[in-house]
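Undergrad: In our numbering, the protein residues as written are 972 to 1271.
Cβ coordinates follow ideal geometry from the N, Cα and C atoms, glycine included.
1. To which residues does DSSP link residue 1157 through a beta bridge?
2. When you compare the region 1080-1099 with the region 1146-1159, are there three or more beta-carbon pairs, one atom per stretch, that lie closer than 8 angstroms?
3. Nearest-angstrom Cα distance between residue 1202 and residue 1251?
4. Suppose you measure from the CA of residue 1220 to the CA of residue 1233; what does that come to, to the nearest Å?
5. What are the boundary residues of the alpha helix (DSSP H) that residue 1090 is part of?
6. Have a look at residue 984 and residue 1060 and give me their C-alpha separation to the nearest angstrom.
7. Would you kindly work out how many angstroms separate the C-alpha atoms of residue 993 and residue 1271, rounded to a whole number?
8. Return helix, strand or coil for residue 1257, following the three-state DSSP convention.
9. For residue 982, name the three-state secondary structure that DSSP assigns.
10. Would you check if the region 1202-1218 and the region 1033-1047 touch, i.e. whether three or more CB-CB distances between them fall below 8 angstroms?
11. In its own chain, which residues sit with a C-beta less than 6 angstroms from the C-beta of residue 989, not counting the 5 before and 5 after it?
12. Taking C-alpha atoms, which residue in 1264, 1175, 1084 lies nearest to residue 1126?
13. Please classify residue 1206: does DSSP put it in a helix, a strand, or coil?
14. How far does the beta strand (DSSP E) with residue 1184 in it reach, from first residue to last?
15. If the criterion is Cβ atoms closer than 7 angstroms, does the pair residue 1136 and residue 1189 meet it?
Here you go:
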């Protein structure tokens, strides 16, 4: 673990608890979620860029968790527009790797310190002057706030796009390093029936709607970065003209009735052939997840 962020992680968790209350035994973010059994079938298109075993041509089993971003496990589905999709890939050598995504393509801040400061201000109930200072000090947050402001109510886990946000490096057999970003693209189109269901059952419609739609599938795409593209700042979108390649298909088959809820979906746990970028928010997530899990596993 990166010890640099240990103290920062504790501050972040404390601020979240102050905002949303303490919910013993639950994750400090994305507390409400459901698990599904899946299989990921790579198509080999990523092989020129990475030697990662799950991106070659051999199918690998996977576990998918869809979630609400709120720390409150009883959050009504329609009240929170930000949702998550986390995938655990079971590799042939017995190891695991993870992709952690949300339905927003950028993060709020480019440093974990700025994010924790936002959480601290939110916990204290910021006044207009505090918020104004926040926007002056962290202008990079404007893009994320604009996206959140324009988001419509979330109506379906199975028809949303999900973004792992951070940049990673693919490394091939020759040692070449290629910056990439990921995107999960749903194979099912928007469902008017799902929207109707959302209005009728606002509390927990998402899980029911997904179960009614199973099996559902997503295509995993990678975006190839070019020199000069931001690789250490998750508040910045790459230009639209960057090459995109579909590298595999995730088929979600059935709900797991008794899931292993002790899984930590840590995006920094990577196989040979994939490396973290220098994005400080990415590296801080490991410490924040560890702090959250310690409380959760101890029933706190």
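TA: The answer reads as follows:
1. Counting from 1 along the chain shown, the entry for residue 1157 is found at position 186. Answer by DSSP bridge pairing, in chain order: 1189.
2. Contact between the region 1080-1099 and the region 1146-1159 is absent, because fewer than three Cβ pairs lie under 8 angstroms.
3. As a first step, residue 1202 must be located in the chain shown, where it is residue number 231. As a first step, residue 1251 must be located in the chain shown, where it is residue number 280. Distance from the CA atom of residue 1202 to the CA atom of residue 1251, rounded to whole angstroms, is 10 angstroms.
4. By one-based count along the chain shown, residue 1220 stands at place 249. By one-based count along the chain shown, residue 1233 stands at place 262. Each residue's alpha carbon lies about 26 angstroms from the other.
5. Stepping through the chain shown from its first residue, residue 1090 is reached at position 119. Note, residue 1090: alpha helix (DSSP H), 1083-1095.
6. The residue given as residue 984 occupies position 13 in the chain shown. The residue given as residue 1060 occupies position 89 in the chain shown. Distance between the alpha carbons of residue 984 and residue 1060: 27 angstroms.
7. Reading the chain shown from its first residue, position 22 is the one you call residue 993. Reading the chain shown from its first residue, position 300 is the one you call residue 1271. Cα-Cα distance, rounded: 8 angstroms.
8. On the chain shown, position 286 is the one that residue 1257 refers to. Under the three-state reduction of DSSP output, residue 1257 falls in the helix class.
9. Indexing the chain shown from 1 puts residue 982 at position 11. In the three-state reduction of the DSSP assignment, residue 982 falls in the helix class.
10. Cβ pair count under 8 angstroms is below three, so no.
11. Position 18 of the chain shown, counting from 1, holds the residue named residue 989. Excluding the 5 residues flanking it on each side, residue 989 has same chain C-beta neighbours closer than 6 angstroms at 1094, in chain order.
12. The residue labelled residue 1126 in the question sits at position 155 within the chain shown. Answer by Cα proximity: 1175.
13. Translated into positions along the chain shown, residue 1206 becomes position 235. Looking at residue 1206 - three-state DSSP - the assignment turns out to be coil, as it is neither helix nor strand.
14. In the chain shown, counting from the first residue as 1, residue 1184 sits at position 213. No beta strand (DSSP E) holds residue 1184; the alpha helix (DSSP H) holding it covers 1176-1184.
15. By one-based count along the chain shown, residue 1136 stands at place 165. By one-based count along the chain shown, residue 1189 stands at place 218. 7 angstroms or more divides the Cβ of residue 1136 from the Cβ of residue 1189.
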